[in-house]
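This report refers to the structure that appears directly beneath it.
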């Protein structure tokens, strides 16, 4: 087993000022067993260390510095640790697909879903995450989610229509319907891709990427993040009850449109329909 104790500093290329610094202890397994690794982790945590939220030193270096120049400590075995890990995973999806879009290997569905899952997590764990930064990030995610969403909509529509057209009766089909559908939807998809690429070239998008790097490295958590990780179950159960209630209202709105007990359709959209499920965090 090898232990490295690093003091890291990051700053601009001109070297005139330092953005922030932090201490990082790395433990590499090597020929040692996993039991030794767990023992080393316990010793470090007992000495005051906390698990890092960053995979590499580059993540906190690129992220905005926190007010005190240090990333907030996240205790092991807490709700904050679970939420931070889930937020980081969705930030990773958006970062990796940023590269995918630029190299013509996009994962459109994952890119569309990740912002909605982030937004859902911000809502479900609203008292674990600071309100102002969460609102700022959510506004940016709403703006961005629409761009890959337009591309994904065309993919789904094209797939469904081309699958359904062969089942139509001969008298219902005029000309080369399938070819016309594909040609029309391909043109609309190309326009959606152009809008997405244009959006990714804006300062608005650069700001979002910077925000995501900051959230991945040092999510703005509240004191409630210190609750034991088993408390996460209550958050998810509460979100499920709310979703079930909205589902019932939605069914009523479709089956009894004249009922005064039904909510307006616009206010009963289920997050699950758009992939924005409450964060499936194991507690």
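In our numbering, the protein residues as written are 1 to 283.
Heads up, the beta-carbon is just placed ideally off N, CA and C, and yes, glycines get one too.
According to the DSSP assignment, residue 132 belongs to no beta strand (DSSP E) but to the alpha helix (DSSP H) extending over 131–164.
Burial state of residue 90 is buried, judged by a 10 Å Cβ sphere holding 16 or more other Cβ atoms.
Rounded to whole angstroms, residue 36 and residue 227 show a C-alpha spacing of 28 Å.
Judged by beta-carbon spacing, residue 144 lies beyond the 8 Å limit of residue 121, meaning their Cβ atoms are not closer than that value.
Under DSSP, the beta-bridge partners assigned to residue 4 are 26.
Spatial neighbours of residue 212 in its own chain (CB-CB distance under 7 Å, excluding positions within 5 residues in sequence) are listed in chain order as 91, 94 and 95. Across the set 162, 189, 187 and 188, the C-alpha of 162 shows the shortest separation from the C-alpha of residue 176. The beta carbon of residue 127 is closer than 6 Å to those of 224 in its chain, skipping five residues each way along the sequence.
Of the residues assessed, residue 46 falls on the exposed side of the cut-off, its CB having fewer than 16 other CB atoms within 10 angstroms. Residue 134 and residue 58 have their C-alpha atoms some 23 Å from each other. Residue 121 carries a helical assignment under DSSP once its states are collapsed to helix, strand and coil.
Excluding five sequence positions before and after residue 98, the CB atoms of its chain that fall closer than 8 Å to its own CB belong to 200 and 209, given in chain order. Residue 50 sits close to residue 76, with the two beta carbons spaced by under 8 Å. The Cβ atoms of residue 149 and residue 117 lie no closer than 8 Å to each other.
For residue 229, there is no enclosing alpha helix (DSSP H), as DSSP marks it with neither H nor E.
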